[in-house]
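Heads up: the sequence shown begins at 133 in this note's numbering, then just goes up one per residue. C-beta atoms are modelled at their ideal positions from N, C-alpha and C, and glycine is treated no differently. Input: a single structure, listed below in C-alpha cells.
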Amino acid sequence: MQFPASWAAQLDRNLTAATDRDETGRFWVCIVFIVPLLTLQVEERASIFPDNRMTRLTWQPGGGQKCPSFGPRALIETNMTLDIRGSIKNTKLSSNPYVVFEEIISNAIDAFLIRIHGDRSEPNLNVKIRVDFSASDLFGDGETMALSCKDNGCGLGDDQLKAFLTKDTSYKDDLTISGIGQCKGAGRIQFFHHFSALSIDSTYRHDSEIIRRQMRYSEPQKQIDYDDFTSSPGNEADIGTLIRLDRFKDTARARIAPGEQLSSLFSAPVLKKQMLVAFLQRLVGLESRLGDFEFEFLTSHWKTGDQVETLKRSDLPIATAAPVVQVEERDPRSGDTLGTFQSFKLSHYQLDSSLYDLPKNAIAFCAKYSPVKNITGRYLRTRTEQNNPVAGFHHIVLIESDFLDGHVNEQRDDFDNIPEDIPTGDMFSDAKLSYGSIYEAIDPVIDAMVTPADWKKEDVLKEITDQFGISEAMLTDTSTRIVYGEPAKAVVERVLKKYQERVIDETAEIYSLKEAILKAEPDSEEYRKKIDEISWKYTSSLKNFDMANLSQLIVRRAAIVEILTLACGKKLAMQAVADGVRRKDEQIIHNIFFPMRKDSQNVSDHDIWLLSEEYHYYDYIASDIPLASIKWNNGETVFESDIDQKFQELLARRADDNSGKRPDIALFSKEGSAIIVEFKAPGVPTDEHIGDLTEYAHLLAAKSGGKLRKFYGYLIGDTVNNLRLGGTWTPFPTGKGWFQSSPLMDPATRQPLGETYFEILHFTDVIDRAKKRIGVYQQKLNLNLGKMP
Numbered sequence: 133m134q135f136p137a138s139w140a141a142q143l144d145r146n147l148t149a150a151t152d153r154d155e156t157g158r159f160w161v162c163i164v165f166i167v168p169l170l171t172l173q174v175e176e177r178a179s180i181f182p183d184n185r186m187t188r189l190t191w192q193p194g195g196g197q198k199c200p201s202f203g204p205r206a207l208i209e210t211n212m213t214l215d216i217r218g219s220i221k222n223t224k225l226s227s228n229p230y231v232v233f234e235e236i237i238s239n240a241i242d243a244f245l246i247r248i249h250g251d252r253s254e255p256n257l258n259v260k261i262r263v264d265f266s267a268s269d270l271f272g273d274g275e276t277m278a279l280s281c282k283d284n285g286c287g288l289g290d291d292q293l294k295a296f297l298t299k300d301t302s303y304k305d306d307l308t309i310s311g312i313g314q315c316k317g318a319g320r321i322q323f324f325h326h327f328s329a330l331s332i333d334s335t336y337r338h339d340s341e342i343i344r345r346q347m348r349y350s351e352p353q354k355q356i357d358y359d360d361f362t363s364s365p366g367n368e369a370d371i372g373t374l375i376r377l378d379r380f381k382d383t384a385r386a387r388i389a390p391g392e393q394l395s396s397l398f399s400a401p402v403l404k405k406q407m408l409v410a411f412l413q414r415l416v417g418l419e420s421r422l423g424d425f426e427f428e429f430l431t432s433h434w435k436t437g438d439q440v441e442t443l444k445r446s447d448l449p450i451a452t453a454a455p456v457v458q459v460e461e462r463d464p465r466s467g468d469t470l471g472t473f474q475s476f477k478l479s480h481y482q483l484d485s486s487l488y489d490l491p492k493n494a495i496a497f498c499a500k501y502s503p504v505k506n507i508t509g510r511y512l513r514t515r516t517e518q519n520n521p522v523a524g525f526h527h528i529v530l531i532e533s534d535f536l537d538g539h540v541n542e543q544r545d546d547f548d549n550i551p552e553d554i555p556t557g558d559m560f561s562d563a564k565l566s567y568g569s570i571y572e573a574i575d576p577v578i579d580a581m582v583t584p585a586d587w588k589k590e591d592v593l594k595e596i597t598d599q600f601g602i603s604e605a606m607l608t609d610t611s612t613r614i615v616y617g618e619p620a621k622a623v624v625e626r627v628l629k630k631y632q633e634r635v636i637d638e639t640a641e642i643y644s645l646k647e648a649i650l651k652a653e654p655d656s657e658e659y660r661k662k663i664d665e666i667s668w669k670y671t672s673s674l675k676n677f678d679m680a681n682l683s684q685l686i687v688r689r690a691a692i693v694e695i696l697t698l699a700c701g702k703k704l705a706m707q708a709v710a711d712g713v714r715r716k717d718e719q720i721i722h723n724i725f726f727p728m729r730k731d732s733q734n735v736s737d738h739d740i741w742l743l744s745e746e747y748h749y750y751d752y753i754a755s756d757i758p759l760a761s762i763k764w765n766n767g768e769t770v771f772e773s774d775i776d777q778k779f780q781e782l783l784a785r786r787a788d789d790n791s792g793k794r795p796d797i798a799l800f801s802k803e804g805s806a807i808i809v810e811f812k813a814p815g816v817p818t819d820e821h822i823g824d825l826t827e828y829a830h831l832l833a834a835k836s837g838g839k840l841r842k843f844y845g846y847l848i849g850d851t852v853n854n855l856r857l858g859g860t861w862t863p864f865p866t867g868k869g870w871f872q873s874s875p876l877m878d879p880a881t882r883q884p885l886g887e888t889y890f891e892i893l894h895f896t897d898v899i900d901r902a903k904k905r906i907g908v909y910q911q912k913l914n915l916n917l918g919k920m921p
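Here it is, written out as C-alpha cells:
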C-alpha cells in the first residue's frame, strides 16, 4: 500500500494542532490516525513517514509537562525500561572498590568526546567529583557517604537516554568517534549495587533547542522507565550532566571496605592518585582531544571539613616505554601452536616517587583503556614492594590488547574464557590463548622494567644450587626464569613441578605406546618403529626424573658430609657439653653413618655410602643389634644362637668404654661377605684396636657355619701411632690411612676360614673420599655447590 506524501504532511499538521489544544484532542488523534497505522506493515508505515518519525513516542513541551505526542520535534521510544532488581541479580558486585568512580568518570569522558564531535564550543573537559561523608548513627562512630559528578559533556540526549535504559546496549560500539569506551552498558548497574538512590540532572542540545532532563530514583523502586524523566527548557551554559548517588549500601561496605573508614578509602588525595592510575593510559591517548582537562576531587567530612585535589593535563607523565609483544595462539584441544598471534601493548611509566606520591605500584591487564586485573604481585612479590617505590620509582605497567577488550566481564574486574593453560582438559573450551602463554611472553619484558639495577640474579642462583641442588642447566631445561623478588624455594618448586608434569605426561605416552605395541604385528614395520619410539620416550622420562632426584641427592649428601666434618671436629651444637659430663662423640659419628640399634629391615635411609658406594646396596645392614636375630634367605638364621654370648665374652676383656657394644656389620648374603666397621671417638688411638677387627672376623666366620668367608674391616678414628703398626700394614698413597690384606686362618688348626681386607682410616680420609664422589656427580649435573668446608 502506497500513500501520497501529502497524507504525511497533513497528518503532521493535524498532530501538532491537536496536541496544542487539549488532552481530548490528543486522544482522538491517537484513535483516528495512529491506531490504524499501527496495524500496517513496517514498509507501509515507512511510506507515510519516510524519515521514520512515527513510533510510540512522548514529547514534553515547555514547563516539564508530560504529554503523549507524535510531533516531529522529539521522537524516541517510550517503552524502554531498566529493570534495576533484575540487573542487580544478574550482574555481580565488582570487587574493585573504585568501580563507581571509574564508571562515572569514564562516562564523563565519553560524553565530552561525543559533544566535541559535533560541537567545538567547549574545548576543555571539566569534571567535578564531590563526596560527602556524614555520620551513619547518632553517636557519630560510623559514617556513610554520597557521591556526585558534574561534567560538561553532551548531556543525556535521546540517544544517551535510550542507552541508559538498555542494559545490553551497543550504543557506544556503533559510534564512529575514536576514544569512546565501548561497553555492554553494565557499568551503571554498579551504581545500584553501591547506592540506594540516584538522581540525574542533565542538559543537552537538540537541534536549536536546549533541553533539561531530570530523574530521581530510590529503592524500593524496582525499575526506571522513560516516564520517570521530565523535560523542560534549559540553558546552554549548563550543558552536561550532574549525577548524584545517595544512601551507600551496607552490602557494598562489607565487600569493599570491611573495617576501614570510607573517608580514608575515598579521600580527595587517594581519589586523585587512584584515578591517575586508572585513567592514565586513556588520558595520555586522548590528551590533545580533551584540551586542558581538569578533574576536581572534593571531599567534605562532617568532622574534618573539606579537602580538594585536582588532576590536570600537566600532571600526566610520559610513558617510559611501550613495547608490543606477540602471543601465539594454540589449538584448544592439543595445545599445538597455530601460527596466529595476538598483540599486547605494555605501556610502562617509571615515575619518580618525589614527584608522584602514589599509594602503590600498579601492573594490570586493561580493557578499553582502564585497568581490570591487577597482577602486581606476580612481579613485586611482597606487600612492601607493591606499596612502596622500587629504587626510588613507582612503576605503572598497563597491558592492553584487543583480545583483552573482547574478554572483559560485565563487572570489569576480571576476564572471561581465558584459561590458565592450554589444553584445559575441557572438551567444550574454544580458548586459543591462555594466561600461561601471555605470561610467558610478557614476563621477561615486565621483569626488565621493574627490577632494581642493584638486584643480582646470581645471588638467587647460588642459593638455589647450594640449598636445593637445582642447577642452572635444570633451569634452562625447564625454561624456568629467576625473577626479582621470588624466593629461591619458589623457583625450586616451579622447576620440580615442571619435571613432575613431564614425567606424568611421558608416562601416559609410554602407556599408550605399549598398548599400540600389543596391537601391532611382530613382523611388521610398525612394530619395530613402536619399539624405537617407546625406547626414546622412556629414556626421556628417565632424564626428567633423574635430573630432579639426582640434584636433591647431591645436596643431601653434601649436608651429611658437612655434619660429619663438624662432628669429627666436635663442633656440633650438641657436642658442647659441660666438664664432667660424659661425651657421646662416638655415638654421634656412628649415627651419622647408620642409626644405632637398627637394621636395614626397619631403616632404609642411612649413609653407609660414606665408606663405599656399593655398601649402600648390601642386602642386610645391622647396627649394634643381637647378631643371633639376623636372618636372610627367607628366614634362615645366619649365626649360631650363642654368638652374642661369645661377643660379650670377647668385649668383656676390653677395659674401655666400648665393652658393651657390638661392631656395625653389613652382610651380603649372595657373596658371603661381611663388612665390619668400628668407630673410635676423636682422640682415641686406633692402633690399640687393630686386633679387634681380626677377632670379630674369627668369631663371625666360626659362628656363621661357613656362610661368611670374606671380611672387610674399617677402623675409623683420628689418631694412630704408626710405630705400633706391624709390617703387614701399607699406607695409602694419599691421605693418612693404612690397609692390610691377608687370609683368615684358624689359630689352632691353621685351616683357612676366609679372607680379610682391613683399613685404618682417619675421619678426614672418609670425608675427602665422600667429597670426591660428590664432585663427580656435580660434574655430571653441571652443578656448582661452591666451596665446601
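Are the CB atoms of residue j and residue i within a distance shorter than 7 Å?
{"i": "G287", "j": "I371", "result": "yes"}
{"i": "F429", "j": "I261", "result": "yes"}
{"i": "A243", "j": "D283", "result": "yes"}
{"i": "T818", "j": "I892", "result": "yes"}
{"i": "G886", "j": "K842", "result": "yes"}
{"i": "Y846", "j": "V809", "result": "yes"}
{"i": "G437", "j": "S485", "result": "no"}
Which term fits residue i, buried or exposed, when burial requires 16 or more other beta carbons within 10 angstroms of its beta carbon?
{"i": "F159", "result": "Low confidence applies to F159: its pLDDT is 47, below 50, so where it sits in the model is not reliable enough to give any reading."}
{"i": "A902", "result": "buried"}
{"i": "K404", "result": "buried"}
{"i": "T610", "result": "buried"}
{"i": "T156", "result": "With a pLDDT of 47 at T156, under the threshold of 50, the modelled position of this residue cannot be trusted, and the question is left open."}
{"i": "D424", "result": "exposed"}
{"i": "P922", "result": "No information on residue 922 is available, as it lies outside the stretch 133 to 921 that the chain covers here."}
{"i": "V615", "result": "buried"}
{"i": "I531", "result": "buried"}
{"i": "V852", "result": "buried"}
{"i": "F271", "result": "exposed"}
{"i": "F361", "result": "buried"}
{"i": "N239", "result": "buried"}
{"i": "W870", "result": "buried"}
{"i": "M606", "result": "buried"}
{"i": "K812", "result": "buried"}
Whole angstroms is fine: what's the gap from residue i's alpha carbon to residue j's?
{"i": "L448", "j": "R513", "result": "27 Å"}
{"i": "I848", "j": "H821", "result": "10 Å"}
{"i": "S569", "j": "H539", "result": "16 Å"}
{"i": "S364", "j": "D333", "result": "11 Å"}
{"i": "L704", "j": "L698", "result": "6 Å"}
{"i": "G112", "j": "T888", "result": "This structure does not reach residue 112, given that the chain is present from 133 up to 921, and the question cannot be answered."}
{"i": "K381", "j": "T516", "result": "32 Å"}
{"i": "L396", "j": "R345", "result": "The sequence shown places Ser at residue 396, rather than the Leu named in the question. Their backbone Cα atoms lie some 34 Å apart in a straight line."}
{"i": "M212", "j": "Q353", "result": "16 Å"}
{"i": "K444", "j": "L487", "result": "14 Å"}
{"i": "L422", "j": "D251", "result": "13 Å"}
{"i": "R905", "j": "D562", "result": "53 Å"}
{"i": "V231", "j": "R348", "result": "22 Å"}
{"i": "S479", "j": "Q413", "result": "8 Å"}
{"i": "I686", "j": "L855", "result": "39 Å"}
{"i": "D579", "j": "Y631", "result": "24 Å"}
{"i": "A499", "j": "L565", "result": "16 Å"}
{"i": "I807", "j": "Y844", "result": "5 Å"}
Which residues does DSSP list as the beta-bridge partners of residue i?
{"i": "V615", "result": "Beta-bridge pairing links V615 to no other residue."}
{"i": "C498", "result": "P503"}
{"i": "M277", "result": "F265"}
{"i": "M877", "result": "P884"}
{"i": "D739", "result": "Answer is none; D739 lacks a bridge partner."}
So, does the region 543-562 touch the region 488-496, judging by three or more C-beta pairs under 8 Å?
no
Are the region 448-461 and the region 261-277 touching, with three or more C-beta to C-beta distances below 8 Å?
no
Check whether the region 319-330 touches the region 220-227, counting contact only when three or more Cβ pairs, one atom from each stretch, lie closer than 8 Å.
yes
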